[in-house]
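Peer 1: The structure under discussion is supplied below as structure tokens; questions concerning it will follow.
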Amino acid sequence: MGHEELPSVDMDFVKHAEEEYHSIYQTGTSEEVDAARFRLVWALVHSASRSHQSRGLELCRTKLKEQQKDKEYRYFAAVAAYKLGHYIEARRELSSLLKEHAGFRQAEFLRGLVEDAIVREGLVGVGIASAVAGVALAVFLGASRR
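Put into structure tokens, the structure is as follows:
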């Protein structure tokens, strides 16, 4: 995967998407509202803010209750889960999504990021466990010398 990452947006981008959605929600057609919601969710899940990511995930889940098989919202849910550190949830969603949509390149890329994160988290866990074991061994050896 190298140094590639997901797109990221700033607060102004999210604010603009929110304003657009609220404006269109009041006066737009259902198609326009759906398109504005799509752009808002995209902005939220690609934000650096955890609260935005959580809100984006909630909006995805709401949409998926209506349309369980919506490919894009399932992908957005996986993006949000990944960015929130819910790697197993993201992997589960991506595995299911890729079974139904083989060749979905964005999902394949994200799956690689998720797998890398799972390995990285596992190695950190192993490192912490090793450090704890090392300290325990040092304490034990120190106590046994007395």
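In the numbering used here, each residue carries its 1-based index in the sequence shown increased by 837. All residues carry an ideal CB built from backbone N, CA and C; glycine is no exception.
#1: Beta carbon of residue 917, beta carbon of residue 893: below 8 Å?
#2: Applying the 10 Å Cβ sphere with the 16-neighbour rule, what's the burial state of residue 915?
#3: Could you have a look at residue 884 and say whether DSSP puts it in helix, strand or coil?
#4: Which residues bound the alpha helix (DSSP H) around residue 864?
#5: Could you check how far apart the C-beta atoms of residue 845 and residue 889 are, in whole angstroms? I think they sit under 8 Å.
Peer 2: The short version:
#1: yes
#2: buried
#3: strand
#4: 848 to 864
#5: At roughly 11 Å, the Cβ-Cβ gap does not stay under 8 Å, so residue 845 and residue 889 are not in contact.
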